[in-house]
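Structure record follows, encoded as structure tokens.
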Amino acid sequence: MAERLRVCSGSDAVRKFERAGWTVARHRGSHVMLVKSGYEYTLSIPQHDELGPGLLRKLIRQAALTVEEFNLL
């Protein structure tokens, strides 16, 4: 059975993606943009108290991670 996605805030998600090698490109308004060399995507993470599960799964998929890997970060 697949591991459950844990709820996290936008700032927690940014920290986890930074541990996975992504870097903050810019912070404008309520969104943080993360980039990583070799990836075509720029991750746009809203600085909300709680990210919805659909958005969080999409970001994890774009970062080429699994839910299990993301939860361990």
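Under our numbering, think of the first position of the sequence shown as 7, with each following residue one higher.
Where a beta carbon is used, it is the ideal one built from N, C-alpha and C, also for glycine.
Predicted model, so just to flag it, every value in this text is computed and none were measured.
Applying the 10 Å Cβ sphere with the 16-neighbour rule, what's the burial state of residue i?
{"i": "K64", "result": "exposed"}
{"i": "V38", "result": "buried"}
{"i": "V41", "result": "exposed"}
{"i": "L78", "result": "exposed"}
Which residue marks the beginning of the beta strand (DSSP E) containing residue i, and which one marks its end?
{"i": "R10", "result": "Run containing R10: none; DSSP gives neither H nor E here."}
{"i": "L49", "result": "L49 to P52"}
{"i": "T29", "result": "T29 to R34"}
Return helix, strand or coil for residue i, following the three-state DSSP convention.
{"i": "L40", "result": "strand"}
{"i": "L65", "result": "helix"}
{"i": "G58", "result": "coil"}
Please list the terminal residues of the continuous alpha helix (DSSP H) segment that includes residue i.
{"i": "A19", "result": "G16 to R25"}
{"i": "E75", "result": "V73 to L78"}
Less than 9 Å between the C-beta atoms of residue i and residue j, yes or no?
{"i": "A26", "j": "E75", "result": "yes"}
{"i": "Q68", "j": "S15", "result": "no"}
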